[in-house]
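Colleague: Following this message is one structure expressed as structure tokens.
Residue numbers (the UniProt record's numbering): 1 to 765.
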């Protein structure tokens, strides 16, 4: 048999296998759909039946999501071992009809590790590793790597370039959405993805090293390896902005994982979606760790006492004027603070002490013996007077004046409106903002709101009382139903051998009421998003160097186990409040008990572009060493200057916009230009409106559509993104706009996978 015939035969065999695999996938999908429909038609007869139905629907819906995720690139590899074992590797695991024999192994299973780690020096028992390229359900190419050179067997698909599949993926046109890298995970990435989930793992790496992809695949792996724990507690992924979350939003669903909450730092306080903008100075001040002490002082200052010599007069309709003096209020405040409870939870203690003091005042006035003897009121009289004092609206108003019930929004809004006295001279004006509790909050406000919530606490006594009332009402109603059942009992079968049982014979009112309680159908991620006190099973933070000290206080509350993966690059720190140092970030919480690994290979940025970006970065750090680029396009970056900057950028977009035969990451597109790539113009935020006017077809705004052929971004929005072609407009303006402007420019210059152009205003050349 000729080599060509042998190669064709191998392709047919793999196609036959892939076709059978998809047939099994279709059968499983149909089975899950029928199970969901059948379960939803079931009418639960009791609470247990309802719970069982909801569990079944959740399980089968999760399977459906996984099966849908497997549709594209279901199987991408094959491992042939020296001992005769043969496994296909895919994005999800599928078994034959007996549910025991694997057809394809999930890429996260231990047996799949040689696909990512085996080398000629350490073959891990392999004789051959095959990469299977598909488009839809069609096998389009095979790439075989021989790991046992003693084996003479050849297939006609051997490829001397072991990185051919990786380089093809890197060279593919971008789509505006991040794709998973499950087929091209490299050994150093695999080790990070599969690292133990306990403790803090820091993944550092320069542009294009795959930090974000590794973090997302790590989330998928942890959900696979620790399903019971993490499905119950959920995984939180924090990204730098909404555009970034849109960009990565399809990766985990494509891997069959939906139990993840994606959020920006401005979305981590339930009920608030931060859309406002701070100046760099305000953001830096609000982000300092000392703001926790500032807010604590703000709260303490709201716990007031009357001025010396000016008691608070309370007009009581029955007993005349009551006097609440400074000493009385100070004693109550000292006692309430001594509980160590948050402000709102300590308020009842303060109120009780005030009520007791006013009651004593009244008792002395009303029960005094005119002849100087003992008080004439007995204990029952004192109790009754105390009840009347406690019920007095005037007393309630006085307590509210001295120890008000506070909300986080109200407290922070009041502080921002009048920060004088709490901040050093000259800084109050930076953060001053006349606002209301429902105003547009900024991302830097969110950690302040969370800190305020910790300081204030939430007195849920009323809510619990209301819930108890509703429960008692349900029980009373259920008892009425059972009473009707009992009253309607029949004696028709009195002489029968078998007793006929009715509802009142087998259940009490409380259990009967429980069966009609509403079930919470939300996923763990949905419940976590609405609960500020939720403790996540694992937290992943991308661009972690950007977060402020106050933001870290918020995040650490969300993960008391400190099970975290932090991803970032200090050299790309752009936020004025960003810490940019792992020790500075983690020392307050875990000391030096964290693991740090560095990714040193740049898969995205061609060597020609990286050389230009590195020189910019070395201007501020002469010893800076960039990650090593694995590819070279032979196309150097170009630079130009223009008087009409928006016009020059528009003309450059017309020349540089990707068209032609390049295909996207899924193999789509071609000669018609569809799927041929994406172009980004990155410029200072102040320049974007003028560029948008010159490029009306470009995507532009707070959350631009990254799937459009051309998109306009500022450097902050561009973090973590990649495009085929990038035009950087006014680089000196980017450098001068922010405190870490050189880092922002470095980010802008490293977003391209193919071509880079730089256009300066003529006056600044």
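Idealized CB from N, CA, C, for every residue including glycine. Please read these numbers as outputs of a predicted model, since none were measured by experiment.
Along the chain, where does the beta strand (DSSP E) containing residue 203 start, and where does it finish?
Modeller: Position 203 of the chain shown, counted from the first residue, corresponds to residue 203. Here the beta strand (DSSP E) through residue 203 covers 200-205.
Colleague: For the putative contact between residue 233 and residue 535, defined by C-beta atoms under 8 Å, what is the C-beta separation to the nearest angstrom?
Modeller: Here residue 233 refers to the residue found at position 233 of the chain shown. Here residue 535 refers to the residue found at position 535 of the chain shown. Right, their Cβ atoms sit about 7 Å apart.
Colleague: In this structure, how does DSSP classify residue 13 when only helix, strand and coil are distinguished?
Modeller: Working through the chain shown from its first residue, we reach residue 13 at position 13. Of the three classes helix, strand and coil, the one that applies to residue 13 here is helix, per DSSP.
Colleague: Kindly indicate which residue of 72, 34, 563 and 2 has the alpha-carbon position closest to the one of residue 255.
Modeller: Mapped onto the chain shown, residue 255 falls at position 255. Measuring from the Cα of residue 255, the nearest candidate turns out to be 72.
Colleague: Since residue 734 sits in a beta bridge, which residues does DSSP pair it with?
Modeller: Mapped onto the chain shown, residue 734 falls at position 734. The partner list for residue 734 (beta bridge, DSSP) is empty, contrary to what the question assumes.
Colleague: Assign residue 786 to one of three DSSP states: helix, strand, or coil.
Modeller: Because the chain is modelled from 1 through 765, residue 786 falls outside the range shown and cannot be assessed.
Colleague: Do the region 636-653 and the region 216-224 make contact, defined as three or more Cβ pairs closer than 8 Å?
Modeller: These segments do not touch.
Colleague: To the nearest angstrom, how far is it from the Cα of residue 179 to the Cα of residue 117?
Modeller: Counted from its first residue, the chain shown places residue 179 at position 179. Counted from its first residue, the chain shown places residue 117 at position 117. The straight-line gap from Cα to Cα measures roughly 21 Å.
Colleague: Hey, how far is the Cα of residue 109 from the Cα of residue 348?
Modeller: Taking the chain shown and counting its residues from 1, one reaches residue 109 at position 109. Taking the chain shown and counting its residues from 1, one reaches residue 348 at position 348. Whole-angstrom Cα-Cα distance: 55 Å.
Colleague: Between the alpha carbons of residue 705 and residue 695, how many angstroms are there, rounded?
Modeller: Taking the chain shown and counting its residues from 1, the one referred to as residue 705 is at position 705. Taking the chain shown and counting its residues from 1, the one referred to as residue 695 is at position 695. The alpha-carbon atoms of residue 705 and residue 695 are separated by roughly 14 Å.
Colleague: Quick one: give me the first and last residue of the beta strand (DSSP E) that residue 89 is part of.
Modeller: Along the chain shown, one-based indexing puts residue 89 at 89. Taken as a continuous stretch (DSSP letters only), the beta strand (DSSP E) holding residue 89 covers 86-90.
Colleague: Mapping DSSP to helix, strand and coil, what is residue 754?
Modeller: For the purposes of this step, residue 754 is taken as the residue at position 754 of the chain shown. Note: residue 754 maps to strand in three-state DSSP.
Colleague: Rounded to the nearest angstrom, what separates residue 188 and residue 194 at their Cα positions?
Modeller: Position 188 of the chain shown, counted from the start, is the residue given in the question as residue 188. Position 194 of the chain shown, counted from the start, is the residue given in the question as residue 194. Going by the C-alpha atoms only, they are around 10 Å apart.
Colleague: Alpha helix (DSSP H) containing residue 359: first to last residue?
Modeller: Working through the chain shown from its first residue, we reach residue 359 at position 359. Note, residue 359: alpha helix (DSSP H), 343-366.
Colleague: Is the distance from the Cβ of residue 711 to the Cβ of residue 686 below 8 Å?
Modeller: As a working note, residue 711 is residue 711 in the chain shown. As a working note, residue 686 is residue 686 in the chain shown. Not in contact: residue 711 and residue 686 (Cβ atoms no closer than 8 Å).
Colleague: Which same chain residues, not among the five before or five after residue 609, have their C-beta less than 6 Å away from its C-beta?
Modeller: Against the chain shown, residue 609 aligns to sequence position 609. Result list for residue 609: 637, 752 and 756, in chain order.
Colleague: By the 10 Å Cβ neighbour count, where 16 or more other Cβ atoms means buried, how is residue 602 classified, buried or exposed?
Modeller: Within the chain shown, the letter at position 602 stands for residue 602. With 16 or more Cβ atoms within 10 Å of its Cβ, residue 602 is classed as buried.
Colleague: Would you tell me roughly how many angstroms separate the C-alpha atoms of residue 202 and residue 65, rounded to the nearest one?
Modeller: Along the chain shown, read from residue 1 onward, the residue named residue 202 stands at position 202. Along the chain shown, read from residue 1 onward, the residue named residue 65 stands at position 65. Near 30 Å, if we compare the C-alpha coordinates of residue 65 and residue 202.
Colleague: In three-state DSSP terms, what is residue 725?
Modeller: Along the chain shown, one-based indexing puts residue 725 at 725. Strand, per DSSP.
Colleague: If contacts are defined as beta-carbon pairs under 8 Å, then residue 446 and residue 236 qualify, I think. What distance do you get, rounded to the angstrom?
Modeller: Sequence index remark: in the chain shown, residue 446 carries index 446 (1-based). Sequence index remark: in the chain shown, residue 236 carries index 236 (1-based). Between residue 236 and residue 446 the Cβ distance is about 14 Å, and since that is not below 8 Å, they are no contact.
Colleague: Assuming contact is defined by CB atoms lying nearer than 8 Å, are residue 184 and residue 6 in contact in what I supplied?
Modeller: For the purposes of this step, residue 184 is taken as the residue at position 184 of the chain shown. For the purposes of this step, residue 6 is taken as the residue at position 6 of the chain shown. Their beta carbons are not under 8 Å apart, which means residue 184 does not touch residue 6 by this criterion.
Colleague: Looking at the unbroken beta strand (DSSP E) that takes in residue 102, where does it start and where does it end?
Modeller: Stepping through the chain shown from its first residue, residue 102 is reached at position 102. Residues 102-106.
Colleague: Thinking residue 151 and residue 127 are a contact (beta carbons under 8 Å), I'd like their distance in whole angstroms, please.
Modeller: Here residue 151 corresponds to residue number 151 of the chain shown, with the count starting at 1. Here residue 127 corresponds to residue number 127 of the chain shown, with the count starting at 1. At roughly 5 Å, the Cβ-Cβ gap stays under 8 Å, so residue 151 and residue 127 are in contact.
Colleague: Assuming residue 456 contacts residue 299 under a Cβ cut-off of 8 Å, what Cβ separation, rounded to an integer in Å, is found between them?
Modeller: One-based indexing of the chain shown puts residue 456 at position 456. One-based indexing of the chain shown puts residue 299 at position 299. The Cβ separation is near 7 Å, so the contact holds.
Colleague: Is residue 121 buried or exposed, if buried means 16 or more other CB atoms sit within 10 Å of its CB?
Modeller: As a position in the chain shown, residue 121 is number 121, starting the count at 1. Burial call: exposed.
Colleague: Going by beta-carbon coordinates alone, are residue 36 and residue 19 separated by less than 8 Å?
Modeller: What you label residue 36 is simply residue 36 of the chain shown in a count that begins at 1. What you label residue 19 is simply residue 19 of the chain shown in a count that begins at 1. Going by C-beta atoms, residue 36 is not nearer than 8 Å to residue 19.
Colleague: State the Cα-Cα distance for the pair residue 137 and residue 265, rounded to the nearest angstrom.
Modeller: In the chain shown, counting from the first residue as 1, residue 137 sits at position 137. In the chain shown, counting from the first residue as 1, residue 265 sits at position 265. Each residue's Cα considered, the two are about 40 Å apart.
Colleague: Using the three-state DSSP reduction, which class does residue 668 fall into: helix, strand or coil?
Modeller: For the purposes of this step, residue 668 is taken as residue 668 along the chain shown, with counting starting at 1. Here the model assigns residue 668 a pLDDT of 48, short of 50, so the residue's position is not dependable, and the following value carries that caveat. In the structure shown, residue 668 sits in coil (DSSP, three-state: anything other than H, G, I, E or B).
Colleague: To the nearest angstrom, how far is the alpha carbon of residue 746 from that of residue 69?
Modeller: As a first step, residue 746 must be located in the chain shown, where it is residue number 746. As a first step, residue 69 must be located in the chain shown, where it is residue number 69. Their Cα atoms are separated by approximately 35 Å.
Colleague: Of the residues 325, 430 and 28, which one's Cα is nearest the Cα of residue 308?
Modeller: On the chain shown, position 308 is the one that residue 308 refers to. Considering only alpha carbons, the answer is 325.
Colleague: Helix, strand or coil for residue 81, going by three-state DSSP, please let me know.
Modeller: Here the question's residue 81 lines up with position 81 in the chain shown. Here residue 81 sits in strand by DSSP.
Colleague: Which residues does DSSP list as the beta-bridge partners of residue 622?
Modeller: If you number the chain shown from 1, residue 622 lands on position 622. In the DSSP output, where bridge partners are listed per residue, residue 622 has none listed.
Colleague: What's the gap between the Cα of residue 168 and the Cα of residue 143?
Modeller: Counted from its first residue, the chain shown places residue 168 at position 168. Counted from its first residue, the chain shown places residue 143 at position 143. In a straight line, the C-alpha of residue 168 is about 12 Å away from that of residue 143.
Colleague: How long is the line joining the alpha carbons of residue 584 and residue 627, rounded to whole angstroms?
Modeller: For this step, residue 584 is matched to residue 584 along the chain shown. For this step, residue 627 is matched to residue 627 along the chain shown. Those two C-alpha atoms are separated by around 23 Å.
Colleague: Could you say which of 346, 703, 352 and 339 lies nearest to residue 328 if we only look at CA atoms?
Modeller: Taking the first residue of the chain shown as 1, we reach residue 328 at position 328. Residue 352 is the option with its Cα nearest to residue 328.
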